[in-house]
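Student: Line by line, the protein sequences are chains P, A, X and V.
283 is the number that numbering that gives the first Met the number 0 gives to position 284 of the first sequence; each next residue is one higher, with no gaps.
459 is the number that numbering that gives the first Met the number 0 gives to position 460 of the second sequence; each next residue is one higher, with no gaps.
16 is the number that numbering that gives the first Met the number 0 gives to position 17 of the third sequence; each next residue is one higher, with no gaps.
118 is the number that numbering that gives the first Met the number 0 gives to position 119 of the fourth sequence; each next residue is one higher, with no gaps.
First the structure, which I've put down as structure tokens, then a few questions once you've had a look.
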Amino acid sequence: MKTAVLLIPLLPLASFIITGLFGKRYFKEKSHYLSVAAVAVSWLLSVYLIVQVERGEELHWQVYSWIAAGSFKVEIGFLVDQLTAIMLLVVSTVGFMVHVYSIGYMKGDGGYYRFFAYLNLFMFSMFMLVLGNNFLMLYVFWEAVGLCSYLLISFWYTKQSAANAGTKAFLVNRVGDFGFGLGIMLIFVTVGTLSYSGVFSSLGSIGTGTMTAICLLLFMGAMGKSAQFPLHVWLPDAMEGPTPVSSLIHAATMVNAGVYMVARSSPIFSHSPNAMFVVALVGAFTAIFAASIGLVQNDIKKVLAYSTVSQLGYMFVALGVGAWTAGMFHLVAHGFFKGLLFLGSGSVIHAMGGEQDMRKMGGLKNKTKITYWTFVIGALAISGFPGLAGFFSKDSVLAGAFHKGFWYFWLVGLVAAFMTAFYMFRLIFMTFHGKPRDEKAFAHAHESPRSMTIPLIVLAVPSAIIGLLLGLPPESGHIDHFLEPVFEAVMGEPVHFGLLDAGLMTLSALIGIGGILLAWLFYVKRPDLPAKAGARAGFLYRAALNKYWIDEFYFAVFINPVRALGRGLWRWVDVGIIDGFANGSARFFNGVGMALKPSQSGKAQVYLFSMFLGFLALLVAYLILTI
Amino acid sequence: MYDFQEQIGFPILTVLTFLPAVAGLVMLLMRGKPKAYKGVALAATAANFILSLVLIAYFDRYTADMQFIEKVPWISSLGVSYHMSVDGISVLLIMLTALLSLIIIPASWNYIKEREMQFFVAFLFLETGLIGVFCARDLLLFYVFWEIMLIPMYFIIGIWGGPRRIYAAVKFFLFTFAGSLLMLIAIVAIAYLARANPYATPVFDMDLLEKSIFSYQVQMLAFLAFFIAFAVKVPMWPLHTWLPDAHVEAPTAGSVILAGVMLKVGGYGMLRLCIPLFPDAVVTLAPWILVLSLIAIIYGALVSLVQKDLKKLVAYSSVSHMGFVTAGIFALNLVGIEGGIMVMFSHGLLTGALFLMVGFLYERLHTREIADMGGLAGPFPVMAGVLLFFTLASLGLPGLSGFVGEFLSLVGLFTYSKPLGAIASIGVILAAAYLLWMFQRVMFTKLRDEKWYKLPDLSLREIVSLAPLAILAVWAGVYPNTFLQLIQPSAARLTEKMAPYMAEGGSAVERIFASLGGLF
Amino acid sequence: MTPLQQYLALSIALFFIGSWGVLARRNIILIVMCVELMLNAINIALVAFSNYSPTGAGRGEVFVFFVFALAAAEAAIGLAIAIAMYRLKERLSIGDFDEMKG
Amino acid sequence: MPEFQQTAFILLSILILASAFCVVLFRNLIYSALSMIGCFLGVAGIFILLHAELVAAAQVLIYVGAISVLVIFAIMLTGHRAGDLRLFFHKQAWVAVPICAVAGIALMVVMATATYNATKDAQNPSDDAIASLLFNEYAFPFELVSLALLVAMIGAVILAMKEKK
């Protein structure tokens with residue numbers, strides 16, 4: 000098991016180093032061989048690992064002491080439990096598929112080797128993130144995945160927008176990490192250790208206030224990485240990256256890190272109901288807020304991006320209300336179907352020759368059959384169509400909120416679910432149905448190569464059936480039992496599936512179907528309705544279309560003032576005051592010197608006279624003092 | 000006792016210190032053979048680097064005692080002796096000095112066009128001064144090396160610098176020298192005050208001075224005098240304005256040494272003199288110094304955000320990063336001090352590398368204006384990769400050296416005071432902002448000039464000069480214990496020295512915070 | 000007035016006559032001569048102290064020898080400078096030499 | 000002080016002060032130089048009164064014999080016999096008088112009011128003792144002074160040498 004745990008991250012790392020160093024000169028268009036092979040082996044090992052864990056094995060392994068400065072001691076160590084295993088499985092499965100998919104998608108790109116090297120680096124970092132056994136390692140690889148995200152978003156660096164998006168993603172994440180880092184320091188200062196087991200075993204001695212502070216600071220990090228309001232602004236922009244990246248990093252894995260972190264710290268969070276409530280509140284608000292923006296976006300990837308933000312909000316609602324396993328369940332399901340949807344959108348973009356605006360698509364149904372059907376499966380899954388993955392996971396989130404007494408979160412979740420179904424099918428109808436709006440692009444449209452369609456099919460399978468496999472019976476399905484050891488301490492009373500739950504389930508299924516039907520009405524039956532509705536909604540419509548002007552707000556309130564402050568400090572304080580003082584004192588002494596210059600007349604006898612006068616003054620002073 | 004005789008058998012510290020100067024003198028005697036005298040310079044610095052590794056190899060890392068002691072009376076009527084010895088902190092910085100001195104020789108192989116020999120000689124003398132400062136255990140000797148180090152740098156900026164070199168050199172000299180004079184006064188004062196009786200010779204030996212106890216007033220005055228001298232070097236806000244000018248005008252190699260080692264002399268002095276000699280004053284003034292450090296962190300970052308000149312940007316980023324050094328040191332706990340030292344070490348590596356990169360870019364494009372660049376990743380992919388590496392390391396990406404030090408000093412500061420720690424952390428966000436924005440504007444976006452495709456990417460010589468820095472940056476990020484173990488006993492000795500004062504002064508610190516709170 | 004004070008009074012008087020000359024005259028050679036007068040005044044004081052001091056035991060005289068030597072050196076250099084200056088400007092008035100004006 | 004010595008002191012003092020005034024006041028440099036010799040001789044006499052015969056001899060040899068000759072040579076070489084014509088008419092001379100007078104008087108007051116640990120006459124030792132002092136205790140300064148003289152000599156030669164073109 001140790002070997003497996005070690006190999007899972009190290010294979011991608013080795014592949015990154017080799018591909019990165021020699022790819023440009025030696026591998027070129029064969030760069031993917033090594034990368035895909037490495038990830039494939041990692042995937043197999045992850046499967047092996049989850050089987051081992053299923054059998055009840057766990058691993059706590061200190062590899063070496065990483066930082067030891069005084070009392071601050073941190074190890075590089077691995078922790079493999081159910082939570083880790085399930086995260087590993089999602090990451091490696093989607094990662095593997097995305098690698099395969101990229102062979103076709105990135106073909107012929109100038110930075111082919113670079114792309115695969117970055118992907119491998121990401122896989123390494125993500126594996127380490129979930130494998131680590133302490134908070135600092137979590138933080139370290141948290142930043143490392145952020146770096147990969149940065150590199151991959153600005154992969155096409157000659158585009159100004161891509162470069163901006165990369166920087167923005169890194170910076171917004173840094174704002175979150177600021178809180179995360181402070182949280183870690185606070186943990187260290189209060190507990191004196193950073194390993195999960197050490198921290199969780201000494202929680203009893205911490206005051207509630209400190210506990211809430213720790214939780215909120217940690218959650219700030221999660222808000223950054225998992226794109227929760229108000230730190231969600233980077234994720235839609237991150238769509239500037241190549242689509243496989245959006246699928247892997249910005250939908251299925253990295254953005255889940257925040258959820259993973261909160262789930263991992265569940266013992267801490269469960270000590271602070273206030274913090275939990277904040278988590279749920281932020282999640283719920285983000286869920287509905289992002290969904291409302293998603294309703295009106297026209298860029299196919301932006302719709303999916305806002306959908307991701309919204310679904311992550313769901314997960315936080317689940318965690319916040321204490322339905323831990325539901326949150327993780329939704330994470331797993333979402334990982335698969337959102338990965339699928341993004342890859343599908345990539346296939347569409349590929350077919351349309353790079354076009355991302357849905358207003359120029361349409362009628363692709365027949366030209367890209369595999370893409371279409373897999374996409375429909377994904378969309379049905381996310382909309383909560385009965386039987387598919389999203390139905391079970393979303394329902395367990397909503398039921399969890401309801402059971403824990405947070406009916407308002409449940410209500411918000413329902414509304415968001417309705418919106419989700421609507422915008423997903425709006426996307427499908429605009430893209431695949433109706434008449435082609437851009438004939439030229441349509442004429443060239445074609446199904447993607449096999450390396451791209453196979454991953455779509457492969458991912459469609461879990462999107463369809465994972466709910467049935469893991470989620471039945473609801474609230475005490477296989478996944479609940481599997482994750483039970485992790486959340487044992489923090490789970491409340493086990494819930495038994497009853498009549499009420501059946502009702503709730505039906506209701507959410509109906510809501511999902513209702514959303515789909517409304518989309519059908521708007522975009523297939525009566526295509527004139529959207530414009531009317533937009534005109535009727537007026538301000539709200541414009542607000543949603545402009546993402547509620549949050550970017551503009553940040554520019555006006557943070558970025559521009561900070562730059563102005565920097566410029567002001569430089570011009571006025573540095574050059575003005577400090578240098579002014581330094582140069583001024585130099586000028587002062589220069590001036591004194593110039594003023595005294597004439598006294599140096601060069602006439603020796605004048606000097607002699609002054610010398611004698613000085614002598615005289617000394618003598619007189621002596622006489623006055625002594626006599 | 001760790002006498003050099005017993006430890007290694009020859010006076011290694013003296014050899015380390017004076018080998019470069021001797022090589023410089025030899026070079027002055029050789030005339031007109033550029034290859035030959037560059038070879039001498041390279042050989043001398045290489046030998047010195049190897050010697051510094053030998054020093055580390057023979058160094059006993061499990062003790063805080065001074066090691067490789069050499070002590071010969073020098074001016075016995077004044078109680079001055081030639082007393083050299085090192086502890087873990089000095090050893091680390093000596094290694095850094097030797098490494099950077101070695102690297103700049105190939106890096107400026109073709110850079111200097113006139114008075115080439117004198118240029119290399121100046122650097123050799125500079126190395127002597129720097130290593131001497133790290134070895135000296137006698138205050139007067141320390142001061143002598145301190146001044147020796149100042150003069151070659153003055154000439155390096157003043158002779159081989161850019162268009163405003165005279166202004167920059169004079170500014171550099173005056174700022175530093177003003178500080179040095181204050182320090183000289185304080186040195187003489189405490190040497191005379193530490194005498195057992197009025198007829199005894201003054202005490203310049205640091206071993207003895209550390210044992211003597213000064214009155215509170217003396218401590219405050221002497222501490223301030225020393226501190227200002229070191230703060231100018233660090234440089235701490237608001238004594239930093241010589242740094243951007245000096246960097247912009249200095250030749251690449253000068254910037255590398257200036258940022259890489261010379262700034263560290265300030266932090267080293269605080270550790271070596273300010274804290275052990277004046278514990279009471281340290282306890283009183285630490286909060287104020289921390290506030291200045293925070294200002295430096297935030298202020299340096301904000302100002303570097305809007306810089307248009309690459310070198311100025313890196314220079315102001317040094318102000319910000321060195322703020323973490325002083326913040327860590329004056330948090331006065333083990334984690335913070337070790338963090339501060341690690342920041343010094345890593346900043347030496349990274350800023351040295353960044354200045355080298357800027358120099359390499361300048362040699363190609365003949366500009367340092369960020370606005371003139373853009374899209375350089377196309378023509379210079381290797382350079383983009385290397386610059387990205389050092390940029391990330393510098394903004395504190397975990398796994399590289401910048402993170403370890405920064406995080407440790409933040410933890411130290413946070414342990415000392417939570418609000419201060421939180422404010423300092425903002426600097427980490429800003430660091431990412433200015434560095435990534437810089438990188439984006441230089442390397443990303445559209446290429447401004449297709450001609451640049453004809454220019455060569457990093458040459459082997461340039462890669463070789465950067466490689467050791469990159470390797471050490473990764474090493475210090477992945478396995479920092481190698482370096483932390485080296486400094487741990489010495490840092491622990493400092494905190495042990497401070498411990499009784501902290502216990503007494505604990506409430507005093509709080510009172511000062513109250514007064515600080517009243518101010519804002 | 001004790002004998003010592005008489006000698007000292009003579010010394011002071013001679014010293015200030017010399018210094019008057021130094022201040023008042025402009026010819027460089029004459030200034031050198033007046034400086035020699037001042038030195039002589041000092042010598043008188045030194046020898047007088049030596050003669051009346053219980054512990055001096057001739058040390059004043061030793062110093063006078065040093066003064067002699069240095070006075071000779073000074074005269075030699077001073078007069079050499081005077082000659083060089085005269086060559087330069089064909090004049091010897093001290094007011095004509097103000098090249099070091101600030 | 001015995002009668003004879005008192006008389007001798009007064010006479011010598013008159014000689015010294017009078018010739019010193021002459022040095023300052025003569026317009027002709029040669030006359031000034033000659034008065035200076037008189038002054039030097041008077042000082043030598045004072046030395047004898049103070050039992051410092053060796054110093055007196057040296058005074059005669061060095062000042063009267065060497066320096067005076069040097070001065071006269073200098074006067075001859077510059078060919079500038081006449082001094083400043085307007086000695087008593089330019090302002091500077093008159094400003095100098097009060098300064099010197101006040102300083103002199105002040106110093107006299109200091110001298111007169113000071114307390115002395117003076118003993119009786121004739122403390123100056125014999126020539127042997129001077130010699131042993133000079134060559135034992137003061138051997139190092141003595142050597143230094145000789146070095147200074149050598150340097151001065153070389154310097155004077157170089158300064159006075161005509162530049163070869």
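Even for Gly, the Cβ is constructed at its ideal location relative to N, Cα and C.
Classify P/N589: buried if its beta carbon has 16 or more other beta carbons within 10 angstroms, exposed otherwise.
Tutor: exposed
Student: Can you tell me whether P/W571 is buried or exposed, with buried defined as 16 or more other CB within 10 angstroms of its CB?
Tutor: By the neighbour-count rule (16 or more Cβ atoms within 10 Å), P/W571 is not buried but exposed.
Student: Pull up the DSSP beta-bridge partners for P/H231, would you.
Tutor: Looking at the DSSP assignment, P/H231 forms no beta bridge with any residue, so it has no partner.
Student: Among A/T494, A/I93, A/Y36, A/P197, which has the Cα closest to the Cα of A/G327?
Tutor: Residue A/T494 is the option with its Cα nearest to A/G327.
Student: Identify the continuous alpha helix (DSSP H) that holds P/S204 and give its terminal residues.
Tutor: Premise fails: P/S204 is in no alpha helix (DSSP H) and is neither H nor E.
Student: Which residue marks the beginning of the beta strand (DSSP E) containing P/A67, and which one marks its end?
Tutor: 58–68
Student: Is any beta-carbon of chain V found at less than 9 Å from that of X/F102?
Tutor: Outside the modelled stretch of chain X, which goes from 0 to 101, sits residue 102 of chain X, for which no answer is possible.
Student: Straight-line CA distance for P/A162 to P/V171?
Tutor: 14 Å
Student: CB-CB under 7 Å to P/Q355, same chain, minus the five flanking residues each way: which ones, in chain order?
Tutor: D298, I299, K300, I348
Student: Where does P/V131 sit, in a helix, a strand or coil, going by DSSP?
Tutor: The sequence as given places Gly at residue 131 of chain P; Val does not occur at that position. Three-state result, P/G131: strand.
Student: Any idea if A/I336 is buried or exposed, counting beta-carbon neighbours within 10 angstroms, 16 or more meaning buried?
Tutor: Classification for A/I336: buried.
Student: Mind pulling the chain P residues with CB within less than 8 Å of X/S18?
Tutor: Residues of chain P whose Cβ lies closer than 8 Å to the Cβ of X/S18 are, in chain order, F611.
Student: Under 9 Å between C-beta atoms, does X/L78 make it to chain P?
Tutor: Not one chain P Cβ lies under 9 Å of X/L78.
Student: Taking Cβ positions, are P/V258 and P/L311 nearer each other than 9 Å?
Tutor: yes
Student: Any beta-carbon of chain P closer than 9 Å to the one on A/I88?
Tutor: no
Student: Would you check if the region 75–90 of chain A and the region 3–18 of chain A touch, i.e. whether three or more CB-CB distances between them fall below 8 Å?
Tutor: Contact between the region 3–18 of chain A and the region 75–90 of chain A is established, with three or more Cβ pairs separated by less than 8 Å.
Student: Is any beta-carbon of chain P found at less than 9 Å from that of X/L22?
Tutor: yes
Student: Residues of chain P with a CB under 8 Å from the CB of X/K88: which are they?
Tutor: Ordered by position in chain P, no residue passes the 8 Å Cβ test against X/K88, which lies about 14 Å from the chain.
Student: Residues in the region 598–623 of chain P with C-beta within 7 Å of chain X's C-beta atoms, listed in sequence order?
Tutor: From the region 598–623 of chain P, only Q599, S600, G601, K602, A603, Q604, L607, F608, F611 have a Cβ closer than 7 Å to chain X.
Student: If you compare alpha carbons, which of P/R173, P/F177, P/L202 is closest to P/I186?
Tutor: Among P/R173, P/F177, P/L202, the Cα nearest to that of P/I186 belongs to P/L202.
Student: Answer with buried or exposed for P/I183, where buried requires no fewer than 16 other C-beta atoms within 10 angstroms of its C-beta.
Tutor: The residue is buried, with at least 16 neighbouring Cβ atoms inside 10 Å.
Student: Using the beta-carbon count (16 or more within 10 Å), is P/P11 buried or exposed?
Tutor: buried
Student: When the cut-off is 9 Å and only beta carbons count, does V/C112 lie next to chain P?
Tutor: Note on residue identity: the sequence assigns Thr, not Cys, to residue 112 of chain V. Yes, its Cβ sits closer than 9 Å to a Cβ of chain P.
Student: Pick helix, strand or coil for A/D204, following the three-state DSSP scheme.
Tutor: strand
Student: Check whether the Cβ atoms of P/S447 and P/Y104 lie closer than 9 Å to each other.
Tutor: yes
Student: How far does the beta strand (DSSP E) with P/H445 in it reach, from first residue to last?
Tutor: P/H445 -> no beta strand (DSSP E), and no H or E assigned at all.
Student: Give the single residue among A/E362, A/K445, A/R114, A/A432 whose Cα lies nearest to the Cα of A/A370.
Tutor: A/K445
Student: Measuring only between beta-carbons, confirm whether P/I248 sits less than 9 Å from chain A.
Tutor: no
Student: Count the C-beta pairs between the region 262–282 of chain A and the region 231–239 of chain A that are closer than 8 Å, then say yes if the count reaches three, no if not.
Tutor: They touch, by the three-pair rule.
Student: Which of the three DSSP states is assigned to P/V489 in this structure?
Tutor: The answer is coil: DSSP assigns P/V489 none of H, G, I, E or B.
Student: With 9 Å set as the bound, which would you pick, yes or no: does the beta-carbon of V/F87 sit closer than that to a beta-carbon of chain P?
Tutor: With a pLDDT of only 49 at V/F87, under 50, the local geometry of the prediction cannot be trusted, and the value read off the model is given with reservation. Chain P, which has no Cβ nearer than 9 Å to the Cβ of V/F87, makes this no.
Student: Could one say the Cβ of X/E35 lies closer than 9 Å to chain V's Cβ atoms, at least one of them?
Tutor: Chain V places a beta carbon closer than 9 Å to that of X/E35, counting this residue as a contact.
Student: Given this structure, state the Cα-to-Cα distance separating V/G64 from X/A12, to the nearest angstrom.
Tutor: Taking the straight line from one Cα to the other gives about 24 Å.
Student: Quick check: the Cα distance between V/I29 and V/F72, rounded to an integer number of angstroms?
Tutor: 10 Å
Student: Can you find the residues in the same chain that come closer than 7 Å, C-beta to C-beta, to P/V144, ignoring five residues on each side of it along the sequence?
Tutor: F121, S124, M125, L128, M253, A256
Student: Between the region 196–211 of chain P and the region 258–274 of chain P, are three or more C-beta pairs nearer than 8 Å?
Tutor: yes
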